[in-house]
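Input: a single structure, listed below in structure tokens.
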Amino acid sequence: MKSIVKKSLLFFVGILAPFFSSFAQEYAVITTIESVVPMGIGRSRMISNQQEMDVDAFTTERKQGTDTDQGQIRRRDLKIDNLEETKMLNFFSATGINFQNIASNDAMISSKLTQMAANGWELAFVVSGVESDGGETDGQGIFITRYIFKR
């Protein structure tokens, strides 16, 4: 009797599994921008959009001899109005690298990652890059990281 119940249960799970796995994934991106400008002059932030965007409304398809552009897309049309901006500390202070600032930023990022996980998001990818100081006359630089979540 137990064998029949197990087989029936496995049969129904096998039939229903494709329906549950076919749901579309939802993604969210959290971006941290950490300044590497000396003397605390730069701005460091954690950014999260709070508004949906329809990529198709801003996508132009071009093929040889055709252009399906529905009109001029203005830069201001691409900008969202609803975002969450969390202040963070700069990597450098007047005396150089500030390790306390780095640890504080790590705590802030950990808090956000924990919050996202508690809300059902799974960290899928982390991508980072840097635009660093280009010499004596540059004085510019950022360290950017994108945390890509899915659920």
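Just so we're aligned: 120 in my numbering is position 119 of the sequence shown, and the numbers increase by one with no gaps anywhere. Beta carbons are placed, not taken as given, at the ideal position from N, Cα and C, and that holds for glycine. It should be emphasised that the depicted structure is a prediction, and the values quoted were computed from it without experimental measurement.
Counting along the chain, where does the beta strand (DSSP E) carrying residue i start and finish?
| i | result |
| --- | --- |
| A125 | E123 to E132 |
| T146 | I143 to K151 |
For the candidate residues the options, whose alpha-carbon lies nearest to that of residue i?
| i | options | result |
| --- | --- | --- |
| A118 | Q101, Y28, D82 and F24 | Y28 |
| E35 | D55, F93 and F24 | F93 |
| T33 | F144, K151 and R152 | F144 |
| F79 | E85, N120, T60 and A95 | Per the sequence presented here, residue 79 reads as Leu, with Phe not at that position. The shortest Cα separation from L79 among E85, N120, T60 and A95 belongs to T60. |
| T96 | V38, R147, I31 and D82 | V38 |
| W122 | S129, R152 and T115 | R152 |
| I149 | S133, S129, D82 and M40 | S129 |
| R46 | N83, F126 and I110 | I110 |
| M89 | R77, S112, I74 and I81 | S112 |
| E85 | L124, A108, Q51 and V131 | Q51 |
| I74 | A58, I81, K64 and D82 | A58 |
| T108 | I16, I81, T87 and V127 | The displayed chain sequence assigns Ala, not Thr, to residue 108. Ranking the options by Cα distance to A108, first place goes to T87. |
| I42 | N91, D82 and K64 | N91 |
| E132 | L124, Q141, A125 and F126 | Q141 |
| E157 | F126, V30 and N102 | There is no way to answer for residue 157, as the model of the chain reaches only from 2 to 152. |
| N99 | L124, M40 and Q65 | M40 |
| D55 | T115, I81, R63 and R44 | I81 |
| R44 | V127, L114, N120 and N102 | N102 |
Per DSSP, which one or two residues make a beta bridge with residue i?
| i | result |
| --- | --- |
| L114 | None; L114 has no bridge partner. |
| N50 | L84 |
| A29 | F150 |
Is residue i helix, strand or coil by DSSP?
| i | result |
| --- | --- |
| V38 | coil |
| R76 | helix |
| A95 | coil |
| A108 | helix |
Does residue i get closer than 8 Å to chain B when you measure Cβ to Cβ?
| i | result |
| --- | --- |
| K80 | Among the chains in the structure shown there is no chain B, since it carries only a single protein chain. |
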